[in-house]
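Residue numbers (our numbering), protein chains in the order written: chain A, 1 to 180; chain B, 181 to 486.
Each residue gets a CB set at the ideal place from its N, CA and C atoms; glycine is no exception.
Note that this is a predicted model, so its numbers are computed, not measured.
Structure follows, in structure tokens:
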């Protein structure tokens, strides 16, 4: 009788083991936007992103947020202008949400659906490929989000009356570590 | 002699009047039609609800602007005139919405809100995806929130005043940039006509043309400088990058643009008397070249990446 009870308990506990909760914290991050202008090419970089992932019942939800102000292009005047056109004072954060099956977190290439909130608008990028590599306890995710200014209803800023390109791809390099 | 002075004065006055018109007219371009939307969020007992999320959405443009109430339950927006939908959200309270609030220029609209407590079995879901915490069957949130990242509501809250400051700054600097580019035309023409104004065999007409173009250049330059000087500063910003060179060069072309016409006037008078340009007036040409060079470099410094 006791043996049957033990086996039953073990069988019932299997799903719970399979869906063991885990949490991830963003340990290091580099977000880089690239701007093209007929006279200029420049990058704006932020290392100030914060992020967390919660895996529960076979599904993982991740949230990453970075202050718009934290992007540095090496020119204070340009950064202030970018802050103005992206409504960075009204909407101080850029946030990215994604949801994926826990099983997908172990693949070398992960295709993610991203929900990006920026400049008071929300836009979804479907199936954005990211490379995943593991270094010790750290999991590194790298990829490029094909952001366009028009996705967020931002008018392209101009220099010498020439507008920048609508495409501002954002390179993402994130190192995640488990929360113990 | 007096007739000459009168004619030169008319030329200079025409140039300065043009510049003055630009200075007077351009700020009107910046006039923004703003109004204030404010109110207090309370619970049914009249107690202020602190840190409630208040989102205004412009009905025409769809542009949303979030804010949070203070400890006193008060929220405040400075908005362009238009029709707005207002949404009130707070933990443990039902979400409420005011479908239409009309904000008009230079007016104050007050929209108070009383939030009803949510039923205990009902979960709180905010409309902002960055804030939502969808509960799992176990009752624990499965999605991380901004609070989980250590971001407080005040850090996530927008600042309409700061945005208005940035808008004003960018607007003025755009005018500064355009006027600076336009200034290149009379500046170049002044330099070209200098070849016909400074030699031994020059006519009065060529000197007059050079002087008129020079006056127009100075007028345009002063207008350009006005918009850079009057553009609001953003507190806590440290100047970095090529803009430093652009600002430093102003210390060369700024005094140069004042000195050049003074020396030019002296040279003009000497030439009009049939004298060879001499003394300090002979520095007019070199000072003008250095000034034009510094101005050109200032334009290039922010136009190309080195």
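Report yes or no: do three or more beta-carbon pairs, one from the segment 345–352 of chain B and one from the segment 455–464 of chain B, lie closer than 8 Å? The segment 455–464 of chain B and the segment 345–352 of chain B do not touch, with fewer than three beta-carbon pairs separated by less than 8 Å.
Can you check whether the CB of residue 219 of chain B is closer than 9 Å to the CB of residue 293 of chain B? Their beta carbons are under 9 Å apart, which means residue 293 of chain B touches residue 219 of chain B by this criterion.
Looking only at its own chain, which residues have a Cβ that is under 7 Å from the Cβ of residue 436 of chain B, when we skip the five neighbours before and after it? Excluding positions up to five away in sequence, the list reads 467, 470, 471 and 474.
Strictly under 9 Å for the Cβ-Cβ distance: is residue 356 of chain B near chain A by that measure? Interface annotation, residue 356 of chain B: not in contact with chain A, CB-CB separation never under 9 Å.
Given residue 173 of chain A, which residues of its chain have a CB within under 6 Å of its CB, disregarding the five upstream and five downstream residues? Listed in chain order, the non-local C-beta contacts of residue 173 of chain A below 6 Å within the same chain comprise 30 and 142, local neighbours out to five positions each way being set aside.
In whole angstroms, what is the alpha-carbon distance linking residue 261 of chain B and residue 285 of chain B? Near 6 Å, if we compare the C-alpha coordinates of residue 285 of chain B and residue 261 of chain B.
Just by C-beta distance, which residues in the segment 41–58 of chain A are closer than 8 Å to chain B? Within the segment 41–58 of chain A, the residues whose Cβ lies closer than 8 Å to some Cβ of chain B are 41, 42, 50, 51, 52, 53, 54, 56 and 57, listed in chain order.
Taking the continuous beta strand (DSSP E) assigned at residue 451 of chain B, which residues delimit it? It is not in any beta strand (DSSP E) - residue 451 of chain B instead sits in the alpha helix (DSSP H) that spans 423–452.
Give a yes or no on whether the C-beta atoms belonging to residue 95 of chain A and residue 112 of chain A are separated by under 9 Å. Judged by beta-carbon spacing, residue 112 of chain A lies beyond the 9 Å limit of residue 95 of chain A, meaning their Cβ atoms are not closer than that value.
Sequence-distant residues of the same chain with beta carbon closer than 6 Å to residue 51 of chain A, five excluded per side: Excluding sequence neighbours, residue 51 of chain A sits near 26 and 64.
Between which two residues does the beta strand (DSSP E) carrying residue 43 of chain A extend? It spans 40–46 - the beta strand (DSSP E) in which residue 43 of chain A sits, taken as one unbroken run.
Going along chain A in order, which residues have a C-beta closer than 9 Å to the C-beta of residue 455 of chain B? Against residue 455 of chain B, chain A offers no close residue; the least beta-carbon distance is about 43 Å (beta-carbon pairs closer than 9 Å).
Residue 303 of chain B CB to nearest chain A CB: under 9 Å? The pLDDT assigned to residue 303 of chain B is 33, lower than 50, so where the model puts this residue is not dependable; a value taken from the coordinates is nonetheless given after this. Closer than 9 Å: no.
Hey, would you say residue 47 of chain A sits closer than 9 Å to residue 23 of chain A, going by beta carbons? Not a contact, by the Cβ cut-off of 9 Å.
Which residues, in chain order, does the segment 111–135 of chain A contribute to contact with chain B at a C-beta distance below 7 Å? For the segment 111–135 of chain A, which is checked against every Cβ of chain B, the residues closer than 7 Å are 115, 117, 120 and 122.
Which stretch, first to last residue, makes up the alpha helix (DSSP H) that contains residue 407 of chain B? Residues 384–410.
Would you say residue 426 of chain B reaches chain A, if we count a Cβ-Cβ gap shorter than 9 Å as a contact? Residue 426 of chain B counts as touching chain A.
Could you run through the segment 323–349 of chain B and flag, in chain order, every residue whose CB is less than 9 Å away from some CB of chain A? Flagged, chain order: 323, 324, 325, 326, 328, 329, 330, 331, 335, 336, 337, 338, 339, 340, 341, 342, 343, 344, 345, 346, 347 and 349.
Residues in the segment 83–100 of chain A having any Cβ partner in chain B nearer than 9 Å: Here the close residues are 83, 84, 85, 87, 88, 89, 90, 91, 92, 93, 95, 97 and 99.
Between residue 310 of chain B and chain A, is any beta-carbon pair separated by less than 9 Å? Here residue 310 of chain B scores only 41 on pLDDT, less than 50, and its place in the model should not be relied on; the value that follows carries that caveat. Residue contact with chain A for residue 310 of chain B: present (Cβ-Cβ distance below 9 Å to some residue of chain A).
For the beta strand (DSSP E) containing residue 161 of chain A, name the first residue and the last one. Here residue 161 of chain A belongs to no beta strand (DSSP E), and DSSP marks it neither H nor E.
Answer with yes or no whether the minimum CB distance from residue 36 of chain A to chain B is below 9 Å. By this cut-off, residue 36 of chain A is not an interface position.
Measure the C-alpha to C-alpha separation of residue 374 of chain B and residue 432 of chain B and round it to an integer number of angstroms. Using only the alpha carbons, I get a separation of about 21 Å.
If you drop the 5 nearest sequence neighbours on each side, which residues of the same chain put their C-beta closer than 7 Å to that of residue 154 of chain A? Contacts found: 85, 86 and 119.
If I follow the unbroken alpha helix (DSSP H) through residue 347 of chain B, where does it start and stop? Residue 347 of chain B -> alpha helix (DSSP H) spans 340–377.
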